[in-house]
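Asker: Got a structure for you, written out below as structure tokens; questions coming shortly.
There are 2 protein chains.
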Amino acid sequence: MLIGELAERAGTSPRTLRYYEEHGLIHPSRDANGYRQYDDGELRVVHEIRALLADGFGVDDIKPFVACLRAGNSAGHVCPDSAAVLRRRLAEVDGYLDQLTAVRHRLQTQLEEIKCQMTP
Amino acid sequence: MLIGELAERAGTSPRTLRYYEEHGLIHPSRDANGYRQYDDGELRVVHEIRALLADGFGVDDIKPFVACLRAGNSAGHVCPDSAAVLRRRLAEVDGYLDQLTAVRHRLQTQLEEIKCQMTP
DNA sequence: CCTTGCCTTGACACCGGTGTCAGGCCCTAC
DNA sequence: GTAGGGCCTGACACCGGTGTCAAGGCAAGG
Chain B
1 MLIGELAERA
11 GTSPRTLRYY
21 EEHGLIHPSR
31 DANGYRQYDD
41 GELRVVHEIR
51 ALLADGFGVD
61 DIKPFVACLR
71 AGNSAGHVCP
81 DSAAVLRRRL
91 AEVDGYLDQL
101 TAVRHRLQTQ
111 LEEIKCQMTP
Chain V
1 MLIGELAERA
11 GTSPRTLRYY
21 EEHGLIHPSR
31 DANGYRQYDD
41 GELRVVHEIR
51 ALLADGFGVD
61 DIKPFVACLR
71 AGNSAGHVCP
81 DSAAVLRRRL
91 AEVDGYLDQL
101 TAVRHRLQTQ
111 LEEIKCQMTP
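In structure tokens form, the structure reads like this:
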């Protein structure tokens with residue numbers, strides 16, 4: 001499978017797949033041409049990468065998940081290294097939730113102040 | 001008051017104050033030197049700007065708040081234009097909260113799957 | 001006069017995943 | 001042979017608030 005076909009099947013672009021490779025997430029072989037050659041298993045890997053990116057992981061965070069999948073596991077998160085990243089990210093998300101909640105509270109308070117002024 | 005003094009009093013840097021000016025948030029007068037000259041009221045404005053930035057507003061969002069303050073109001077958010085921005089930002093924050101909550105849920109689920117595997 | 005320290009403008013760097021373009025090679029079909 | 005489409009590498013743009021550096025003007029004190 002060439003890069004264009006994999007990109008289309010994964011719902012992304014060749015540019016993006018080259019970026020993943022540049023950051024050590026996928027390692028396609030090369031045809032005599034120099035063209036990248038992907039086997040079918042890579043489609044699953046790319047889907048895992050994109051799911052994790054959509055959840056806010058960075059490319060470096062994703063490496064253990066990909067390694068876990070390549071090691072034959074049924075899912076990328078069932079390995080200790082992946083679990084460590086999951087816990088770190090969970091704590092990070094909780095921090096963001098706290099911050100956003102505080103912001104939301106301040107916004108709400110200011111909006112209520114305005115309403116009170118409208119009916120003094 | 002020169003830029004360095006205002007920066008120190010506001011807990012920020014001259015670079016940052018010049019950036020605010022470049023984006024139309026403050027309009028200092030100039031000495032014969034060409035040096036920016038700020039009056040004391042600008043300290044309050046800069047504090048308002050920094051509070052709003054810390055809550056995730058962009059510089060363009062902040063303009064109505066500054067205008068509201070300059071118009072003599074006791075707070076930057078008691079004007080219709082400011083209120084509209086507040087409501088927009090509140091909706092945005094709610095969207096982020098929903099996304100983060102969904103992510104958090106997925107992370108939690110994956111972590112629980114791992115625990116189950118550890119005691120099968 | 002010289003140093004020191006503040007000010008001025010202008011510009012690049014950062015972050016991170018992706019779009020997009022340039023210039024060029026490879027292969028197939030006509 | 002040539003037109004078209006896929007591939008290759010390399011590079012810049014984006015976003016937005018801030019740090020940081022360069023090169024130079026201005027003021028005060030030795």
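These protein sequences, in sequence, are chains B and V.
Just so you know, we're using full-length UniProt numbering here: the first sequence kicks off at 1 and counts up by one.
Just so you know, we're using full-length UniProt numbering here: the second sequence kicks off at 1 and counts up by one.
Built from N, CA and C at the ideal position, the CB exists for glycine as well.
(1) State buried or exposed for residue 82 of chain B, treating a residue as buried only when at least 16 other CB atoms are found within 10 Å of its CB.
(2) What residues are listed by DSSP as bridge partners for residue 37 of chain B?
(3) With DSSP collapsed to three states, give me the class of residue 2 of chain B.
(4) List the endpoints of the continuous alpha helix (DSSP H) containing residue 57 of chain V.
(5) Hey, is residue 106 of chain V's beta-carbon within less than 8 Å of any beta-carbon in chain B?
(6) Within this structure, are the beta carbons of residue 111 of chain B and residue 90 of chain V separated by less than 8 Å?
(7) Taking 8 Å as the threshold (beta carbon to beta carbon), is residue 2 of chain B in contact with chain V?
(8) Under 8 Å Cβ to Cβ from residue 73 of chain B, same chain only, skipping five residues before and after it: list those, please.
(9) So that I know if they touch, is there some Cβ in chain B lying closer than 8 Å to that of residue 78 of chain V?
(10) With DSSP collapsed to three states, give me the class of residue 95 of chain B.
(11) Can you tell me where the alpha helix (DSSP H) with residue 12 of chain B in it begins and where it stops?
(12) For residue 92 of chain V, which of V/113, V/58, V/66, V/106 has the nearest alpha-carbon?
(13) Excluding the 5 residues preceding and the 5 following residue 64 of chain V in the sequence, name in chain order all residues of the same chain whose CB lies nearer than 7 Å to its CB.
(14) Determine, using beta carbons only, whether residue 50 of chain V comes closer than 8 Å to chain B.
(15) Listed from N- to C-terminal order along the chain, which residues in the region 70-99 of chain B have their beta-carbon within a distance smaller than 8 Å of any beta-carbon of chain V?
(16) Can you tell which of V/56, V/99, V/114, V/104 has the C-alpha that lies nearest to the C-alpha of residue 88 of chain V?
(17) Taking just the CA atoms, how far does residue 113 of chain B sit from residue 131 of chain B?
Answerer: Taking the coordinates as given:
(1) buried
(2) B/29
(3) coil
(4) From DSSP, residue 57 of chain V is part of no alpha helix (DSSP H); its letter is neither H nor E.
(5) yes
(6) yes
(7) no
(8) 79
(9) yes
(10) helix
(11) It is not in any alpha helix (DSSP H) - residue 12 of chain B carries neither H nor E in the DSSP assignment.
(12) V/58
(13) 79, 81, 82, 85
(14) no
(15) 75, 77, 78, 83, 86, 87, 89, 90, 93, 94, 96, 97
(16) V/56
(17) Residue 131 of chain B is absent from the model: chain B starts at 1 and stops at 120.
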